[in-house]
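Novice:
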Amino acid sequence: MWREINKLLDRTYIVASVDFKRIRLVFAPGVVVSFSDRVEELRVLSDLARRGHSFPVVVFGPEGCGKTALLRQMASLLREEEIEVVYVDTLEEDVSRAVVASPELRQAVVSFAEAAVGPLGKALAYAVIAVVSKILSKMKSDNLVIIVDEVFQAVGLENAAMYVKKALNLLEYPSDLNKRALILLTTSEGVSRREVARHGWADIKEVWNLNYSGLRELYSQLPEPKPDYSQVWRITGGNPRILKQYYMRDWDTESLVQWLVVERNLRNEVAEIVKRHGKDVLVEGLENPDLLLKDYELYLELEKLSLVIDLHSRDYTGGWIGAAPSRDLELGIGDRVAWQTPLHKEAVRRIIQQLL
Numbered sequence: 008m009w010r011e012i013n014k015l016l017d018r019t020y021i022v023a024s025v026d027f028k029r030i031r032l033v034f035a036p037g038v039v040v041s042f043s044d045r046v047e048e049l050r051v052l053s054d055l056a057r058r059g060h061s062f063p064v065v066v067f068g069p070e071g072c073g074k075t076a077l078l079r080q081m082a083s084l085l086r087e088e089e090i091e092v093v094y095v096d097t098l099e100e101d102v103s104r105a106v107v108a109s110p111e112l113r114q115a116v117v118s119f120a121e122a123a124v125g126p127l128g129k130a131l132a133y134a135v136i137a138v139v140s141k142i143l144s145k146m147k148s149d150n151l152v153i154i155v156d157e158v159f160q161a162v163g164l165e166n167a168a169m170y171v172k173k174a175l176n177l178l179e180y181p182s183d184l185n186k187r188a189l190i191l192l193t194t195s196e197g198v199s200r201r202e203v204a205r206h207g208w209a210d211i212k213e214v215w216n217l218n219y220s221g222l223r224e225l226y227s228q229l230p231e232p233k234p235d236y237s238q239v240w241r242i243t244g245g246n247p248r249i250l251k252q253y254y255m256r257d258w259d260t261e262s263l264v265q266w267l268v269v270e271r272n273l274r275n276e277v278a279e280i281v282k283r284h285g286k287d288v289l290v291e292g293l294e295n296p297d298l299l300l301k302d303y304e305l306y307l308e309l310e311k312l313s314l315v316i317d318l319h320s321r322d323y324t325g326g327w328i329g330a331a332p333s334r335d336l337e338l339g340i341g342d343r344v345a346w347q348t349p350l351h352k353e354a355v356r357r358i359i360q361q362l363l
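So the sequence shown is numbered by the numbering used here: it starts at 8 and just counts up by one.
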């Protein structure tokens, strides 16, 4: 009995301590960093993995908030416990890097996908569900974790709900009744979240950008020279991808804003929104994003552009992996709505000023 208790304590320690073995990530050419922070998120996800879960879990959060790094770190820790993990990156174009799993399982998923017609990411997303459904009873581990990253971009919004239903069927009607399984599906799109939520076929949990200390941990690993951390925090709001873009532009704030505007075609998109809705509510929303809900159609258009995000369940702790963000209007975080990052808010502010 004590041996089992000690094993449990050891497992808990892996994610309760900051001393767990961290994966290494390429931040930029010539810059390799260690996984930063997210201890609480790892604890929540690892507990789910050990217990298994009756519904697919859709992990929703801002673009570039670090979902992929979090799930790769979780997969690494779970493999140390000999839990079977298969990770599928649907946005990866190289099949040799798109699937991370045991050799046998990886080969089965890749072979199934390569026999299918269509984009690689979509084929892999469907392949992992189909393959596991067939070979679950042959797996040695009592626990299985399936992770499909940015799945709804791969299968298409029109297929999002049915994909979740296929995942649910795998959990409800497994070929081995004694296995404990967890299926994690990630998305950055608010539209897909609503499509999935209306059917009740999944549990939806939100994750936010890195907190102040978490981003500082990542920032501290970047080479000098670099701006004061408080400036970096005010611009990125804890988003690792925005931090990377800022670094790649030699910490030039003007260049960073211009990149986002051009990358998203925001000047034309925002101009069209102003034509349809006027500028008043949008201007108010720059100071307090909750006010965007005064014109719900306006809000939905901003959400579709991945400029804002709905904090649906910030008062429901079970709806979050880690802590919900605190209200901070300077960073663009309200009680119900938030700008994806302060940079997104600043880009829209500048476009509106040019339109006036």
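Beta carbons: idealized from backbone N, C-alpha and C, even for Gly. Please read these numbers as outputs of a predicted model, since none were measured by experiment.
Judging by CA-CA distance, which residue of S313, L273 and E87 is the nearest neighbour of S109?
Specialist: The option with the nearest alpha carbon to S109 is E87.
Novice: Hey, could you find the ends of the alpha helix (DSSP H) W266 is sitting in?
Specialist: Its alpha helix (DSSP H) spans residues T260 to E270.
Novice: Among Y94, W327 and G207, which has the Cα closest to the Cα of E157?
Specialist: Per the Cα distances, Y94.
Novice: Taking the beta strand (DSSP E) that V93 belongs to, which residues open and close that run?
Specialist: Run containing V93: E91 to D96, per the beta strand (DSSP E) assignment.
Novice: Taking 9 Å as the cut-off, decide whether the C-beta atoms of R283 and L314 are in contact.
Specialist: Not a contact, by the Cβ cut-off of 9 Å.
Novice: For D259 and S144, I'd like the C-alpha separation in whole angstroms.
Specialist: C-alpha separation (whole angstroms): 54 Å.
Novice: Can you give, in chain order, each stretch of the alpha helix (DSSP H) that sits fully within the stretch 294-341 and has at least 4 residues?
Specialist: DSSP runs (the alpha helix (DSSP H)) wholly in the stretch 294-341: 303-311.
Novice: So V139 and V155 are in contact, right, with Cβ under 8 Å, and what is the actual spacing, rounded?
Specialist: Incorrect: roughly 11 Å between the Cβ atoms, too far for contact.
Novice: Specify, as a first and last residue, the run of the alpha helix (DSSP H) that R31 falls within.
Specialist: No alpha helix (DSSP H) holds R31; the beta strand (DSSP E) holding it covers R31 to A35.
Novice: Count the other CB atoms within 10 Å of the CB of Y303; is the residue buried (16 or more) or exposed (fewer)?
Specialist: So Y303 ends up on the exposed side.
Novice: Can the beta-carbon of A105 be found closer than 9 Å to that of D96?
Specialist: Yes, they are a contact pair.
Novice: Got a sec? Which residues, its chain only, sit under 6 Å from G221 by beta carbon, not counting five neighbours each side?
Specialist: Within the same chain, G221 has close Cβ partners S43 and D44.
Novice: Go through its chain and collect everything with a Cβ distance to E291's Cβ below 7 Å, but skip five positions before and after it.
Specialist: The residues are L298.
Novice: Which residue comes first and which comes last in the alpha helix (DSSP H) that contains V117?
Specialist: That run of the alpha helix (DSSP H) goes P110 to E121.
Novice: Can you check which of these residues, L98, A188, Q238 and L312, is closest to R58 by C-alpha distance?
Specialist: The candidate whose alpha carbon is nearest that of R58 is A188.
Novice: I'd like the ranges of any alpha helix (DSSP H) spanning at least 4 consecutive residues and lying wholly in the stretch 201-280.
Specialist: DSSP runs (the alpha helix (DSSP H)) wholly in the stretch 201-280: 219-226, 236-243, 247-255 and 260-270.
Novice: Let me know the secondary structure DSSP gives S41 once reduced to three states.
Specialist: DSSP places S41 in strand when its eight states are reduced to three.
Novice: Which of the three DSSP states is assigned to R104 in this structure?
Specialist: Here R104 sits in helix by DSSP.
Novice: Does the pairing of the stretch 201-211 with the stretch 228-237 give three or more beta-carbon distances under 8 Å?
Specialist: No, because fewer than three Cβ pairs between the stretch 201-211 and the stretch 228-237 fall closer than 8 Å, the two stretches do not touch.
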